[in-house]
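Notes for the one structure printed next.
Shown next as structure tokens:
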């Protein structure tokens, strides 16, 4: 018996135009938490999909417990003792917790017995969960628990976790780590994928770092500084956005007692939100996904109408205005989802430039489109924000996530709005693009605009916000100066751990 | 006008029979939509089943062979839809419409030599003793086998969807095909199976019209029944027992308006004939409930 | 093993080549069908696609091309706006019938007026209104109650057919018709008649309207904000809302356009080629127009060409029925196959076909 559980040797996977994994080799020992570290697009997802049988590598071998391991489909991977918690949860909203869990098992017991086992396991690992609840009604943290319990019920030898903390509050992260440490003590190996370095330093004993599909280094995270790991991951020294201290100006955007019902079954209602945003400041709004972020952006952008007087821009009530009237008045927004919300993936960049630029940039005249002007606006965005594309005639979907995001943010910033509202400006964007987007946002504020940044990335918010506020179940906390806030304080602002207690952990 | 000619017991018995084609086509489409596929070709599959069943029954003299042939015919047409929508990833709305147009043409082509011929008779199952019970007897225990098949199928589909693992998987595929794929379920294969089942059910429903209800072959015999079946699936909120309710509601309106026509009620026949369609719209507007399967109508392409 | 790989950009070559390839594929599949029916496939294809224009009796059948293409093009153009926006009005047949009833009803109400300057435009306007009204019913139901417009618009076809039947023997029945069902013949009512504009061409006012509509739709789709909104809504409804499109208003406008166009087509038909309101007035143009819209790529110029092609299959089908004893229903099937083939070939626009064993699970 060796102490190695899974060994990867020379795994290679190419897609048309991209080498996702290039000769990747490393080994995971029994009972260790092994970090797989890398930027977006480094090839982490492809690699774990190969281990989980969703992707078949072109070359290379895997050895599990000393035997060749070649899963043709997830079923075989599960049978071999490998379980995976997906980054975008593979859950079914309309089904209940027990049904969801049954779907992830090979031979599930009758639903009633399964419900009991779910209760047992959830109690044992401190992850309370009601098997009869419909998954669509659960919070992001609870949804993740469904996935974890689904995995645990199979007694996995290896648990793969793909960016598990991106949707959790700091307290929830803490509880998750307790669970993972407990599992490790029971001999389960964990492959932990993340780009959050502090987490990895506190949890993992071994790390493999991927860049552009290749293994570029390994280390013991407990003995390596975050800075060193970051440089290995990015391959260069990072540019940290510069934030100029500026005195806040007049109140530009004012929200008073804004309430709105949930727009759809699994949406969140906004409850009594009041806040003022001043010229030249960046207001950061943190919170776990699904606590009203989308709804708040919709209410501000004009996609969702609200009562008059709840929202005003420079003293003018705009609650009843549609998106284009608000843009004309100087309020721009960029929703979280690039594909199909902030941009139309199948349309050209010129047409995408028209989406929000039509009115403020004068791209429409008496109802008719001015294509030449729209095209030069698109070219302007591409040039100013360094969007990598052959030209504005290309479809939105031909751009990488980071480039499309630069285009979307650039499109709004070039309209010189008095207020800019952005949701998750750097989600799924590589580090270099993220840094330039943050810098652009800061520059806009420095020029005197009021900026509202909604994000789930606390590091990002701390980096660029002047004031910080948290969104929790549709309520917005009173803002606090961002400078000097600690992680614990933020955690409390985010609404604690969503009734989740570290219960009955028998370590 | 003579309303006394309308016998409520016979009316209800007739209602159950009249609703059978809709119920069969509807239960098939319900399974298809629960798997996340919107097949608007029900009308085309129904009428293809109607003629295939008619030809098979006429050739063999056996209605049972006819029903079998209808199921095969409907399933065969559905297979075209399955290949187009699942393997060539075509937009399901125009593909379904195309299937209906194609089926209407095909049936009229196949049926050109059968117009006006009478179908072999289908005998009713007369449950001894039970059928003599007043009121309930004629309603419940003196129907033809397909009526019982329709009811049995509804119960079976209910059991399948809510009590069996395969049904759970099918619902999961319809709810979120990406997640189902990530768990390793064969989204395409499951959907093809559902589509073919839906086609067989629609074909069976169609043949009930050509072999039992009418029972001669005429062009356009389904007269929008397939569309009504689609509407009733929406009305039912994708739940089998409500589907049965919807089918009976529709059967009731159909039978009632025919009875009223026969009773010479002073309402023009045309207005009575349009009543089932108007009723369908009203039902859709006023009584629709439930949430559509999450992946309904979306093409699935495994891009991982 | 064949497998599909999504293109980063839709192929502009296949976008236009696909309809042509679909026609060729349909001819091939149709040929197999004819062979299976014991007909010589080449002769059958020639009879359908060539003879109506250049054959022995072409002088008789050629004018029919424009007569049949005009309603197809008008209806398909109307539908194309909604289809682009993901609004599925498939009840154009009913809207076409209602347009005919409203237009003919208006004209006949003034019978025997001689004020053509008033009757003819008025009747066209009423045709427009009739179709629009019938199209707006599913539109309003969708906006107000979320009712599926596919089903409600289709149901309304059956309702319209019953109304048509009632009108033919009731309100609009010819008082001098000796009891026969059907309205007065509008061909003999000069103020309402939609005449052939040049002898032997088949061109009537409906053809003029169709050409104007093609030009108008082209400008609106490519240059006007409304066309942009329609396209954006079809591709990303959420993005459209974000861009300031009011989805309810867009649905109503699209339903009104498609209903209105179908209604106009209905009036031109009833006042010209058909002549009267009768129970068999409608022959399925409203459904065939769906195929025309798709085959034409929902693009005005494409629809113009597709409308001519489908009109040709109608005439060719009639010729084939006479000369080859081919059942009329074959053409309907043929048209369905055309739509299938197009959808099938269309996969090449968005995907590349790769040979070799699938590397992707």
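Protein chains in written order, with our numbering: chain A, 14 to 520; chain B, 10 to 313; chain C, 284 to 644.
Virtual Cβ for every residue (Gly too), placed ideally from N, Cα, C.
- The residues 237, 259, 262, 263 and 266, in chain order, have a CB closer than 8 Å to that of residue 285 (chain B) in the same chain once the five nearest residues on each side in sequence are set aside.
- In this structure, the straight-line span from the alpha carbon of residue 505 (chain C) to that of residue 568 (chain C) is close to 27 Å.
- By the rule that beta-carbons nearer than 8 Å mark a contact, residue 56 (chain A) does not touch chain B.
- No Cβ of chain A is located within less than 8 Å of the beta carbon of residue 369 (chain C).
- Residue 507 (chain C) has a beta carbon lying within less than 8 Å of a beta carbon in chain A.
- Three or more Cβ pairs closer than 8 Å define a contact, and the stretch 574-589 of chain C falls short of that threshold against the stretch 331-340 of chain C.
- Counting along the chain, the unbroken beta strand (DSSP E) around residue 347 (chain A) starts and ends at 344-347.
- Contact annotation for residue 295 (chain C) against chain A: no contact, minimum CB-CB distance about 10 Å [criterion: below 9 Å].
- Taking all protein chains in view, the Cβ of residue 175 (chain B) is surrounded by fewer than 16 other Cβ atoms within 10 Å, so the residue is classified as exposed.
- The C-beta of residue 186 (chain B) comes no closer than 8 Å to any C-beta of chain C.
- For residue 177 (chain B), the neighbours in chain A by C-beta distance under 8 Å run, in chain order, 108, 112, 115 and 116.
- At least one CB atom of chain A sits nearer than 8 Å to the CB of residue 518 (chain C).
- Take the alpha-carbon of residue 101 (chain B) and the one of residue 202 (chain B): they are about 16 Å apart.
- Distance between residue 500 (chain C) and residue 69 (chain A), taken at the CA atoms: about 49 Å.
- When rounded, the separation of the alpha-carbon atoms in residue 474 (chain C) and residue 495 (chain C) is 23 Å.
- Residue 271 (chain B) has a beta carbon lying at 8 Å or more from every beta carbon in chain A.
- Taking all protein chains shown into account, residue 440 (chain A) has 16 or more neighbouring C-beta atoms within 10 Å of its C-beta and is therefore buried.
- Of the residues assessed, residue 618 (chain C) falls on the buried side of the cut-off, its CB having 16 or more other CB atoms within 10 angstroms.
- For the set C:578, C:319 and C:510, the Cα lying nearest the Cα of residue 536 (chain C) is the one of C:510.
- In the DSSP annotation of this structure, residue 20 (chain A) is not part of any alpha helix (DSSP H); the continuous beta strand (DSSP E) holding it starts and ends at 17-28.
- Not one beta carbon of chain C lies nearer than 8 Å to the beta carbon of residue 302 (chain B).
- Residue B:200 holds the alpha-carbon nearest to the alpha-carbon of residue 310 (chain B) among B:244, B:248, B:200 and B:289.
- Here the stretch 542-554 of chain C makes contact with the stretch 360-367 of chain C; the two share three or more CB pairs at distances below 8 Å.
- Chain B has no Cβ within less than 8 Å of the Cβ of residue 563 (chain C).
- Not one beta carbon of chain A lies nearer than 8 Å to the beta carbon of residue 23 (chain B).
- At a C-beta separation below 8 Å, residue 69 (chain B) has no neighbours in chain C, since its nearest C-beta there lies roughly 22 Å away.
- Annotation: the continuous beta strand (DSSP E) that includes residue 285 (chain A) extends over 283-291.
- When the beta-carbon positions are compared, residue 152 (chain A) and residue 110 (chain A) stay at least 8 Å from each other.
- Look at residue 472 (chain C) here: in three-state DSSP terms it is coil, with no helix or strand label.
- For residue 380 (chain A), the neighbours in chain C by C-beta distance under 8 Å run, in chain order, 507, 508 and 509.
- Fully contained in the stretch 134-192 of chain A are the following beta strand (DSSP E) runs of length 3 or more, in chain order: 171-175.
- For residue 55 (chain B), the secondary structure class from DSSP, reduced to helix, strand or coil, is helix.
- Among the CB atoms of chain A, one or more fall inside 8 Å of the CB of residue 525 (chain C).
- Contact between the stretch 491-509 of chain A and the stretch 316-329 of chain A is absent: fewer than three C-beta pairs spanning the two stretches fall below 8 Å.
- Residues of the stretch 71-95 of chain A with a C-beta atom less than 9 Å from some C-beta of chain B are 86, 87, 88, 89, 90 and 91, listed in chain order.
- Taking the Cα of residue 417 (chain A) as reference, the smallest distance to any Cα among A:206, A:462, A:361 and A:133 is reached at A:361.
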